[in-house]
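Notes follow once the structure below has been shown.
2 protein chains.
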Amino acid sequence: MQKSFLLVAALLLTAPVQAEDAKPVPSPGEIAAAAPKADWTAIAPADLLVMDLTPDAKGRARRVVIQLMPAPFSQGWIGNIRKLAAAQWWDGLSINRVQDNYVVQWGDADAEDKAKARALPPGLVAVPESEYVINGEQTPQLVREQLKFLSRFIRAEMSPDHIDRGSPWNKELPDRKVDDNFIGGWPFSLETRGPMQPGTFAPVHCYGMVGVGRDLSPNTGTGAELYTVIGHAPRHLDRNIALVGRVIEGIEHLSSLPRGTGALGFYETAEERTRIASVRIGTAVAGLPSYEYLSTESASFAAYADARANRRDPFFIRPAGGADICNIPVPVRRVK
Amino acid sequence: MQKSFLLVAALLLTAPVQAEDAKPVPSPGEIAAAAPKADWTAIAPADLLVMDLTPDAKGRARRVVIQLMPAPFSQGWIGNIRKLAAAQWWDGLSINRVQDNYVVQWGDADAEDKAKARALPPGLVAVPESEYVINGEQTPQLVREQLKFLSRFIRAEMSPDHIDRGSPWNKELPDRKVDDNFIGGWPFSLETRGPMQPGTFAPVHCYGMVGVGRDLSPNTGTGAELYTVIGHAPRHLDRNIALVGRVIEGIEHLSSLPRGTGALGFYETAEERTRIASVRIGTAVAGLPSYEYLSTESASFAAYADARANRRDPFFIRPAGGADICNIPVPVRRVK
Chain A
1 MQKSFLLVAA
11 LLLTAPVQAE
21 DAKPVPSPGE
31 IAAAAPKADW
41 TAIAPADLLV
51 MDLTPDAKGR
61 ARRVVIQLMP
71 APFSQGWIGN
81 IRKLAAAQWW
91 DGLSINRVQD
101 NYVVQWGDAD
111 AEDKAKARAL
121 PPGLVAVPES
131 EYVINGEQTP
141 QLVREQLKFL
151 SRFIRAEMSP
161 DHIDRGSPWN
171 KELPDRKVDD
181 NFIGGWPFSL
191 ETRGPMQPGT
201 FAPVHCYGMV
211 GVGRDLSPNT
221 GTGAELYTVI
231 GHAPRHLDRN
241 IALVGRVIEG
251 IEHLSSLPRG
261 TGALGFYETA
271 EERTRIASVR
281 IGTAVAGLPS
291 YEYLSTESAS
301 FAAYADARAN
311 RRDPFFIRPA
321 GGADICNIPV
331 PVRRVK
Chain P
1 MQKSFLLVAA
11 LLLTAPVQAE
21 DAKPVPSPGE
31 IAAAAPKADW
41 TAIAPADLLV
51 MDLTPDAKGR
61 ARRVVIQLMP
71 APFSQGWIGN
81 IRKLAAAQWW
91 DGLSINRVQD
101 NYVVQWGDAD
111 AEDKAKARAL
121 PPGLVAVPES
131 EYVINGEQTP
141 QLVREQLKFL
151 SRFIRAEMSP
161 DHIDRGSPWN
171 KELPDRKVDD
181 NFIGGWPFSL
191 ETRGPMQPGT
201 FAPVHCYGMV
211 GVGRDLSPNT
221 GTGAELYTVI
231 GHAPRHLDRN
241 IALVGRVIEG
251 IEHLSSLPRG
261 TGALGFYETA
271 EERTRIASVR
281 IGTAVAGLPS
291 YEYLSTESAS
301 FAAYADARAN
311 RRDPFFIRPA
321 GGADICNIPV
331 PVRRVK
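Below, the structure written as structure tokens:
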């Protein structure tokens, strides 16, 4: 019966246990599955980025589907990514870096060698660092309502209490208070006190989020070099680098790749790199399924988040009383 | 130059930048590397569990080294694990489950089939659920000092403010407040308010931590079925299941395995399973290197934790002002 470790814990396959008031306790998965159609939001095919790797050693297809952040969250890099995909710029390039518990990164392995580097398509813009965060004044009502709506479930936060003022390195650090929350289907950290515009927010580096590789500041990256998170959320990257989307299907084709043995997980030889067959915007991919996500503004999502924060599936004996925002993945599914 | 994303960010290879007072700002890696020998604590070979998988497709060895929790933290399961290793019980068994962003699990794939299951060695004890947590009264001074020592850097916490009392499911939930901290080299969550003995603490499910698979309560598992975390810390498992150690070397041999396609990431066929050649306690392994970890009670660790919480390497433009305990991995190295 050992197999049952998390047969019950991770999904919710079995009959629900009874609460004291005799109502069944639904699991997170059951809550999402039972959500009314109106609580699901369609993802526009124009907001999908579809990366096909070359087939694996057994000839099996490897497709990775990425959802790009839609308006009002999409920043300048996403326009660049659309241009790169339209130019079929990534075709024939490769996965160049797999660092355990950190990131998988892809793009032009020869980008550092001017003689070999693939030329970028025309029209890419240089996006300023200010776009690492989003000005909440654009959507103040939305932010206020979300803070009220979900904060009670989410335990991750940063506060000035966590800065050691006795350290010589910390004298210059600003007082900040940050709360994590979902807005419009995405995980964000919201600055509620600090030097940045109060109410600004930035996407959170949860598992599967996709970001833009860059050089040292003031370089912000073009979008040609992308990475996805395959480990514990590296929150130190928040507000320091651009996040542009998340993997919604096929992340296992990236996360299970052999780790690179060079510095920072870069592959040391060309033979180790997995080739990218093509990268296209969803509207250019024939037969692509439609996808939808559980609206984070819905009552169903609130119930789902609560169930993730306080697990009462039969496996659990002590609910946690809170969850990190990255332990509340937004449900995404194919439209039936 | 794209390769430099995190060439600077993740390690600390380059010349440190200058703070306002002209002192160089050391990186987390530099701080650990510069720690005096006295700040490192030797890991006893008797506290190592060495798992050799069969060689990979290219004939390369795959060794996973696990550090078992030493006294005073080791609970009854660790005695069972020692007996299982001494009996060479795992030899010839397999990795049976790889669930993306969650766990890798190994043991007897036939455990559910009484006709085929491998018999357990004699003398295993049934450990009670009370041992999922450690009674802080055993080491009260240690706990008090650690709370003061490191709390300022660590932002993860749970509090009763995160429980929605309006939910019908939450009426019975207790008020709890939990703080995360390191004690004796390990990540723990400490209950500072709640129904459990104040001052009790439980290990945290960070990436690479090793735990004991179990059936439904009151079953607590024997230690024969083990798992390690390969994703964002599943904190909902804390206090609900036994943690017994952590992978200190070779986790890439587990985390890069193909994901299982059955429910919960179990492999569906025997052919997909990776075979375990042997599992031994470190004292029984010829030529095993010696390992040591950076003492979490040392000034070096405090400086390291602060640097992880407030990155000032040249790559970063905005330090976070705090870090999740699982983003402060305890440095472990081979003794030179």
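Residue numbers (our numbering), protein chains in the order written: chain A, 1 to 336; chain P, 1 to 336.
We put the beta carbon where it would ideally sit given N, CA and C, even for glycine.
Cβ of residue i within 9 Å of any chain A Cβ
i: residue 207 of chain P; result: yes
i: residue 315 of chain P; result: yes
i: residue 330 of chain P; result: no
i: residue 244 of chain P; result: no
i: residue 134 of chain P; result: no
i: residue 80 of chain P; result: no
i: residue 270 of chain P; result: no
i: residue 59 of chain P; result: no
i: residue 76 of chain P; result: no
8 Å Cβ cut-off: residues of chain A touching residue i
i: residue 324 of chain P; result: 156, 232, 233, 235 and 324
i: residue 129 of chain P; result: 317
Neighbour-count burial assignment, residue i, 16 or more Cβ in a 10 Å radius
i: residue 83 of chain A; result: buried
i: residue 335 of chain P; result: exposed
i: residue 268 of chain A; result: exposed
i: residue 191 of chain A; result: buried
i: residue 113 of chain P; result: exposed
Residue i versus residue j - alpha carbon distance
i: residue 134 of chain P; j: residue 202 of chain P; result: 6 Å
i: residue 251 of chain P; j: residue 326 of chain A; result: 22 Å
i: residue 279 of chain P; j: residue 211 of chain P; result: 16 Å
i: residue 43 of chain P; j: residue 292 of chain P; result: 5 Å
i: residue 124 of chain P; j: residue 220 of chain P; result: 12 Å
i: residue 87 of chain A; j: residue 121 of chain A; result: 7 Å
i: residue 41 of chain P; j: residue 262 of chain A; result: 28 Å
i: residue 316 of chain P; j: residue 309 of chain P; result: 12 Å
i: residue 303 of chain P; j: residue 59 of chain P; result: 42 Å
i: residue 81 of chain A; j: residue 253 of chain P; result: 34 Å
i: residue 89 of chain A; j: residue 126 of chain A; result: 18 Å
i: residue 182 of chain A; j: residue 188 of chain A; result: 6 Å
i: residue 226 of chain P; j: residue 247 of chain P; result: 12 Å
i: residue 240 of chain A; j: residue 214 of chain A; result: 10 Å
i: residue 330 of chain P; j: residue 296 of chain P; result: 8 Å
i: residue 259 of chain A; j: residue 110 of chain P; result: 30 Å
i: residue 66 of chain A; j: residue 36 of chain P; result: 46 Å
i: residue 57 of chain A; j: residue 274 of chain A; result: 11 Å
i: residue 74 of chain P; j: residue 53 of chain A; result: 45 Å
i: residue 7 of chain P; j: residue 314 of chain P; result: The pLDDT assigned to residue 7 of chain P is 34, lower than 50, so where the model puts this residue is not dependable; a value taken from the coordinates is nonetheless given after this. Going from the Cα of residue 7 of chain P to the Cα of residue 314 of chain P covers about 10 Å.
i: residue 132 of chain A; j: residue 118 of chain A; result: 26 Å
i: residue 31 of chain P; j: residue 47 of chain P; result: 26 Å
Check whether residue i and residue j have beta carbons under 9 Å apart
i: residue 45 of chain A; j: residue 288 of chain A; result: yes
i: residue 324 of chain P; j: residue 233 of chain A; result: yes
i: residue 245 of chain A; j: residue 49 of chain A; result: yes
i: residue 85 of chain P; j: residue 281 of chain P; result: yes
i: residue 265 of chain P; j: residue 78 of chain P; result: no
i: residue 95 of chain A; j: residue 257 of chain A; result: yes
i: residue 276 of chain P; j: residue 92 of chain P; result: yes
i: residue 217 of chain A; j: residue 129 of chain A; result: yes
i: residue 106 of chain A; j: residue 51 of chain A; result: yes
i: residue 298 of chain A; j: residue 38 of chain A; result: yes
i: residue 318 of chain A; j: residue 27 of chain A; result: no
is_contact[residue i, chain P] using C-beta, thresh 9 Å
i: residue 93 of chain A; result: no
i: residue 100 of chain A; result: yes
i: residue 216 of chain A; result: yes
i: residue 251 of chain A; result: yes
i: residue 308 of chain A; result: yes
i: residue 178 of chain A; result: yes
i: residue 199 of chain A; result: no
i: residue 321 of chain A; result: yes
Under 7 Å from the C-beta of residue i: neighbouring residues of chain A
i: residue 258 of chain P; result: 256
Chain-ordered neighbours of residue i on chain A, where CB pairs are closer than 9 Å
i: residue 348 of chain P; result: With chain P represented from 1 up to 336, any question about residue 348 of chain P goes unanswered, as that position is not in the structure.
i: residue 327 of chain P; result: 232, 233, 234, 235 and 236
i: residue 34 of chain P; result: Near residue 34 of chain P there are no residues of chain A at all, since even the closest Cβ is about 15 Å away, more than 9 Å.
Partners in chain P for residue i, counting only beta-carbon separations shorter than 7 Å
i: residue 181 of chain A; result: What residue 181 of chain A touches in chain P: nothing, since even the nearest Cβ is about 12 Å away.
i: residue 311 of chain A; result: 236
i: residue 239 of chain A; result: 318
Proximal chain P residues relative to residue i, where beta-carbon distance stays under 8 Å
i: residue 299 of chain A; result: Under the 8 Å cutoff, chain P gives no residues; its nearest Cβ is about 11 Å from residue 299 of chain A.
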